[in-house]
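Undergrad:
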Amino acid sequence: MSLTLLIVQTLNGLQLGVLLFLIAAGLTLVFGVMDFINLAHGVQYMLGAYLAVMFYGLTGNFLFALILALGATLVFGLLLEFAVFRHLYDRDHLDQVIATFGVILFLNQGVKLLWGASPLSLPMPEALSGSVVLMPGILYPVWRLVIIGSGLGVALLLYLLVSHTRVGMLVRAGATNAPMVSALGVDIRRLFMIVFGFGTMLAGFAGIMIAPILSVEPGMGDTILILAFVVIVIGGIGSIRGAFLAALLIGLVDTLGRSFSVDILRLFMAPSPARTVGPAIASMLIYLLMAVVLYVRPAGLFPAKGR
Amino acid sequence: MADVTAPSSRAPARGLFTGNALPIAIFLLFVLVPLAATFKAEAYVLGLVTRVMIFAIAALALDLLVGYGALASFGHAAFIGLGAYAVGILASHGISDALISLPAALGVSALFAFLTGIVCLRTKGVYFIMITLAFGQMAYFTASSLAPYGGDDGLTVHMRSTFAGLPVFANDRALYYICLLSLLGAYLLCRALVASRFGRVYRGARENALRMSTIGFEVYRFQLVAYVIAGMLGGLSGFLLANATEFVSPAYMSWQRSGDLLIMVIFGGIGTLNGAIIGAAVFLLTEEWLSGFTEHWKVIFGPLLVLVALFARGGLIGVAQKLRGIFRG
Amino acid sequence: MADAVLRIEGLTKNFGGLRVTEGVTLDVLPGELHAVIGPNGAGKTTLINQVSGLLAPDAGRIVFAGEDVTNMPVAARAQRGLARSFQITSILPRFSVLENVALAVQARRGTSYRFVGNAADEEELNAPARAALAQVGLGERADLPAGELSHGEKRALELAIALAMEPKLLLLDEPMAGTGHDESERLIAVLRSLKGRFPMVLVEHDMTAVFALADRISVLIYGRILASGPPAQVRADPEVVKAYLGEEME
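Laid out in structure tokens, this is it:
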């Protein structure tokens, strides 16, 4: 277990964590404020990536593609909200699960129709495509550092927005007690739209940023969606702080777990069984973590609605 | 038998569709299918309807949880997978007799349900949904990493189960009727359960858990028992599925499959038991029919789900009851 | 002095910085109807919640029928005969009135882990349920969905459910809440008919009911017991009159 590997994987874990945070933040807010389970949040992430590929094809410039794709994702998200989601806010969670599941099926297939089933790629900006020397012997891709940086930047921005602006205060109040906020005369519909739109953009942004590294394909949002749900459940629904901490935790646990599970197990058992059991445990690790957290704190670590 | 449709905001509780006429019709239909199938595409029709009945068993179990207990499990497919893998793993070691693999399937499912239920039932609402999902994922990943048993690719079951040495499951028709009898048994079990003393407490807990505990019932225990029973029925479903498809794969336990099961229950009408069977049939038959048109059938199926969620509260049974109400004037 | 059925010793409960129950010491003797009165916000429901087990106290002891139940879960206390009715009606609206009560009977009779047989048809459960309903005057309404009862009838149903538990102690949290004059009169009559059979703790605002029924009254102000004793004594206590009764008796 070399130090180099440890450092690199820790950074990778941070990168995954930051990505998860971008997706989870929107999810936890929408859930916290509107009590709406949005399984289709993962396809927003996917759409961001696809739209970025499309706009890059049109403009040839990553920055333009980013901005246009963000805009398009927002528009699309608001359209979905208007057409489908807004009719589901009053329904019970099961209805919401079914409807958003239907949206996932539709969009995953739609994307296949429009762009085909084979994975697409998005090249990253030239200037940021190299690697940088962090320490003697450690070469780390610049783009991943960009992702970590931008993710932390967004986190800071969100923190400032939520704790220092009036809208942010309304959002926090809404996450704690939405009917009360509405009863106080706040235009709850407008608030919902803002929250939803913002969450959509965050997810799209995550998709765009990760596209140069991963392949862009139908269904790419599904696995990350489950992870994002695990994040918000562990972090506590409605809590951005919880989402941030949980996202980093999960990013690190998952990445480090996968890299080092076999090595750690080798301390306790023979190499061969360790090689079989290791990957199995690694993929289950975050679910085990969630089970343990929920056993001890059935409402997550920092639930917005109070203990 | 008593009218035991769960009090439910999703489906009105009285009428033709909740007495005995509907289930009798359904089972009669199932009995007649093989006879009709003699005339065309026998193997195909038999296979399809066998699958419908197998998933109907799992859907019944899920309705027990969702419809009557308000326990929305998003990991129910795990039990199907566990039951199937019990058959597959034993078969790969040369053990094919149902006298061993069926109890094994039921036992593993019951154990998994018990252990995960202990944790899950401490949570409520969406947390419950998420944690059942998590446990389903755990089962999925465990199966995927079982390299000696096929891992991601799955495992072929070379021989269907025997019963005390007799190749009872080998014939497709025989398998069909075994599945039919299993479905009937599961259905009767669920009906009895819901009307029983146990069922009454369990249903009461859905209505007002606080009241039930202040009367003296430990709600958690009742829910755990129901969860284990539902898990075991899922295991039964998996046992039959492994025999029907002669294949087991982690995909049987994916969260998408758990989602499919929820859809089946909701399509039919939650809290009606009949709805679970109808829902399974409609879901699988629609899926089969639509995919015959186009490989992109999900583009149609997706919005269909959305429409059902938005407008067809109470599922098909609810819609039928509303129509009946309209015709009655 | 006969052994108290319920003994509360030094019960204390804080919500954040707010002391809702402060060193409450109280006992309930066999067969007596012990009323607890006090202004809104005095902590009466919180006290009942602690006794029935919905809330855990921060300090103090609750001894019921000789057993320390301070840390016992709700269902266990109910199984030992501690029954309660709720201030905000808590019934099973979509079950029939009869079934609501029959479930309470079921909790006392035989095992509930029976998976076959139609529970709704069991005479063994229905007969005592009907009896309890008759006692509160709901005999005619047994087969209606409980949600269709009038408010006053629902309060009576709460009482019937508690009765069906064959209680060793009955905690009544504002049974008259929201009832009109006639329904109140009826409930008072029912409670009077039950007096002596088992001890009751009656939390109430309705002073007519309290003075008509209570053997002893304890006055709760800001979480503390201000006075406790027979009605005449409490009524005359200048502290009590100043703090509470003065306004109520107008």
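Protein sequences appear in the order of chains S, B and D. Take my numbering: the last position of the first sequence gets the number 307, and nothing is skipped along the way. Take my numbering: the last position of the second sequence gets the number 1329, and nothing is skipped along the way. Take my numbering: the last position of the third sequence gets the number 2250, and nothing is skipped along the way. Where a beta carbon is used, it is the ideal one built from N, C-alpha and C, also for glycine.
Tell me the rounded alpha-carbon separation between residue 1162/B and residue 1099/B.
TA: As a working note, residue 1162/B is residue 162 in the second sequence. As a working note, residue 1099/B is residue 99 in the second sequence. If you take the alpha carbons of residue 1162/B and residue 1099/B, they lie about 8 Å apart.
Undergrad: 8 Å is my cut-off, CB to CB: does residue 89/S come that close to chain B?
TA: Indexing the first sequence from 1 puts residue 89/S at position 89. Residue 89/S does not count as touching chain B.
Undergrad: Under three-state DSSP, which class holds residue 1162/B?
TA: In the second sequence, residue 1162/B corresponds to position 162, counting from 1. Strand.
Undergrad: Would DSSP call residue 10/S helix, strand or coil?
TA: What you label residue 10/S is simply residue 10 of the first sequence in a count that begins at 1. Note: residue 10/S maps to helix in three-state DSSP.
Undergrad: Ends of the beta strand (DSSP E) at residue 2229/D?
TA: As a position in the third sequence, residue 2229/D is number 229, starting the count at 1. Note, residue 2229/D: beta strand (DSSP E), 2224 to 2229.
Undergrad: Which same chain residues end up closer than 7 Å to residue 218/S when comparing Cβ atoms and leaving out the 5 residues on each side of it in sequence?
TA: Residue mapping note: residue 218/S aligns to position 218 of the first sequence, counting from 1. Excluding residues within five positions, the ones whose Cβ falls inside 7 Å are 108, 111, 112, 117.
Undergrad: Residue 257/S: buried (16+ other C-beta within 10 angstroms of its C-beta) or exposed?
TA: Counted from its first residue, the first sequence places residue 257/S at position 257. That one is buried.
Undergrad: Which partner residues of residue 1097/B appear in the DSSP bridge assignment?
TA: Taking the second sequence and counting its residues from 1, one reaches residue 1097/B at position 97. In the DSSP output, where bridge partners are listed per residue, residue 1097/B has 1162/B.
Undergrad: Just the Cα atoms here: how many angstroms apart are residue 241/S and residue 155/S?
TA: Here residue 241/S corresponds to residue number 241 of the first sequence, with the count starting at 1. Here residue 155/S corresponds to residue number 155 of the first sequence, with the count starting at 1. Roughly 9 Å between the two C-alpha positions.
Undergrad: So, is the C-beta of residue 280/S closer than 8 Å to a C-beta in chain B?
TA: Position 280 of the first sequence holds residue 280/S. Yes, because at least one Cβ of chain B sits closer than 8 Å to the Cβ of residue 280/S.
Undergrad: Got a sec: which bits of the region 86 to 112 of chain S sit with their beta carbon under 8 Å from any beta carbon on chain B, in order along the chain?
TA: Listed by position, the residues of the region 86 to 112 of chain S near chain B (Cβ gap below 8 Å) are 87, 88, 91, 93, 94, 95, 96, 97, 98, 99, 101, 102, 103, 104, 105, 106, 107, 108, 109, 110, 112.
Undergrad: Suppose contacts are defined by Cβ-Cβ distances below 8 Å. Is residue 2144/D in contact with residue 2203/D by that definition?
TA: As a first step, residue 2144/D must be located in the third sequence, where it is residue number 144. As a first step, residue 2203/D must be located in the third sequence, where it is residue number 203. Against a cut-off of 8 Å, the Cβ pair of residue 2203/D and residue 2144/D comes out as no contact.
Undergrad: Please decide whether residue 1210/B counts as near chain D, where near means a Cβ-Cβ distance under 8 Å.
TA: Mapped onto the second sequence, residue 1210/B falls at position 210. So, interface residue.
Undergrad: What whole-angstrom Cβ distance do residue 2171/D and residue 2109/D have, given they're in contact under 8 Å?
TA: As a position in the third sequence, residue 2171/D is number 171, starting the count at 1. As a position in the third sequence, residue 2109/D is number 109, starting the count at 1. That pair is no contact at about 22 Å.
Undergrad: Applying the 10 Å Cβ sphere with the 16-neighbour rule, what's the burial state of residue 1024/B?
TA: Against the second sequence, residue 1024/B aligns to sequence position 24. That one is exposed.
Undergrad: Is the region 1308 to 1321 of chain B in contact with the region 1267 to 1285 of chain B, if contact means three or more CB pairs nearer than 8 Å?
TA: Yes, the region 1308 to 1321 of chain B touches the region 1267 to 1285 of chain B.
Undergrad: At least one CB of chain D closer than 8 Å to the CB of residue 1123/B: is that the case?
TA: Indexing the second sequence from 1 puts residue 1123/B at position 123. It does not: the Cβ of residue 1123/B has no partner Cβ on chain D nearer than 8 Å.
Undergrad: In terms of residue numbering, what span does the beta strand (DSSP E) encompassing residue 2165/D cover?
TA: Sequence index remark: in the third sequence, residue 2165/D carries index 165 (1-based). Counting along the chain, residue 2165/D falls outside any beta strand (DSSP E), and DSSP gives it neither H nor E.
Undergrad: Show which residues of chain S have a CB atom less than 7 Å away from the CB atom of residue 1142/B.
TA: Residue 1142/B sits at position 142 when you count from the first residue of the second sequence. Residues of chain S passing the Cβ test: 280, 284.
Undergrad: So, helix, strand or coil for residue 184/S, using DSSP?
TA: By 1-based counting over the first sequence, the position of residue 184/S is 184. Coil at residue 184/S, not helix or strand.
Undergrad: Among the candidates 3/S, 20/S, 11/S, 9/S, whose CA atom is the shortest distance from the CA of residue 222/S?
TA: What you label residue 222/S is simply residue 222 of the first sequence in a count that begins at 1. When each option's Cα is compared against that of residue 222/S, the closest is 20/S.
Undergrad: Identify each residue in the region 2150 to 2175 of chain D for which the Cβ-Cβ distance to at least one residue of chain B is less than 8 Å, and report them in chain order.
TA: Answer in chain order: 2161, 2165.
Undergrad: Where does residue 133/S sit, in a helix, a strand or coil, going by DSSP?
TA: Here residue 133/S corresponds to residue number 133 of the first sequence, with the count starting at 1. Reduced to three states, the DSSP call for residue 133/S is strand.
Undergrad: Roughly how many whole angstroms lie between the Cα atoms of residue 1269/B and residue 1060/B?
TA: Working through the second sequence from its first residue, we reach residue 1269/B at position 269. Working through the second sequence from its first residue, we reach residue 1060/B at position 60. Taking the straight line from one Cα to the other gives about 11 Å.
Undergrad: Less than 8 Å between CB atoms is the rule here; does residue 1041/B satisfy it with respect to chain S?
TA: Position 41 of the second sequence holds residue 1041/B. No, because no Cβ of chain S sits closer than 8 Å to the Cβ of residue 1041/B.
Undergrad: So with CB distances below 8 Å, who are the chain B contacts of residue 314/S?
TA: Residue 314/S is absent from the structure shown; chain S starts at 1 and stops at 307.
Undergrad: Taking residue 1076/B as part of the alpha helix (DSSP H), name the residues at either end of that continuous run.
TA: Sequence index remark: in the second sequence, residue 1076/B carries index 76 (1-based). Where residue 1076/B is concerned, there is no enclosing alpha helix (DSSP H), given that its DSSP letter is neither H nor E.
Undergrad: Check this for me: beta carbons of residue 73/S and residue 65/S, under 8 Å apart or not?
TA: As a working mapping, residue 73/S is identified with position 73 in the first sequence. As a working mapping, residue 65/S is identified with position 65 in the first sequence. Not a contact, by the Cβ cut-off of 8 Å.
Undergrad: Which two residues bound the contiguous alpha helix (DSSP H) that contains residue 254/S?
TA: In the first sequence, residue 254/S corresponds to position 254, counting from 1. Residues 240 to 266.
Undergrad: Are any of the Cβ atoms in chain D nearer than 8 Å to that of residue 1272/B?
TA: Counting from one through the second sequence, the residue named residue 1272/B turns up at place 272. For residue 1272/B, the answer is no, since every Cβ of chain D falls outside 8 Å of its Cβ.
Undergrad: If contacts are defined as beta-carbon pairs under 8 Å, then residue 1236/B and residue 1106/B qualify, I think. What distance do you get, rounded to the angstrom?
TA: By one-based count along the second sequence, residue 1236/B stands at place 236. By one-based count along the second sequence, residue 1106/B stands at place 106. At roughly 6 Å, the Cβ-Cβ gap stays under 8 Å, so residue 1236/B and residue 1106/B are in contact.
Undergrad: Near residue 1291/B, what residues of its chain come up, given a Cβ to Cβ distance below 6 Å and the 5 sequence neighbours on each side ignored?
TA: Counted from its first residue, the second sequence places residue 1291/B at position 291. Once the five neighbours on either side are set aside, the close Cβ partners of residue 1291/B are 1297.
Undergrad: Using the beta-carbon count (16 or more within 10 Å), is residue 1289/B buried or exposed?
TA: Sequence index remark: in the second sequence, residue 1289/B carries index 289 (1-based). Label assigned to residue 1289/B: exposed.
Undergrad: According to DSSP, what are the bridge partners of residue 140/S?
TA: Along the first sequence, read from residue 1 onward, the residue named residue 140/S stands at position 140. Beta-bridge pairing links residue 140/S to 132/S.
Undergrad: So, residue 81/S versus residue 196/S, is the Cβ gap smaller than 8 Å?
TA: Sequence index remark: in the first sequence, residue 81/S carries index 81 (1-based). Sequence index remark: in the first sequence, residue 196/S carries index 196 (1-based). The answer is yes: Cβ separation under 8 Å.
Undergrad: In terms of residues, what are the limits of the beta strand (DSSP E) holding residue 2216/D?
TA: The residue you call residue 2216/D lines up with position 216 of the third sequence. Counting along the chain, the beta strand (DSSP E) containing residue 2216/D begins and ends at 2216 to 2221.
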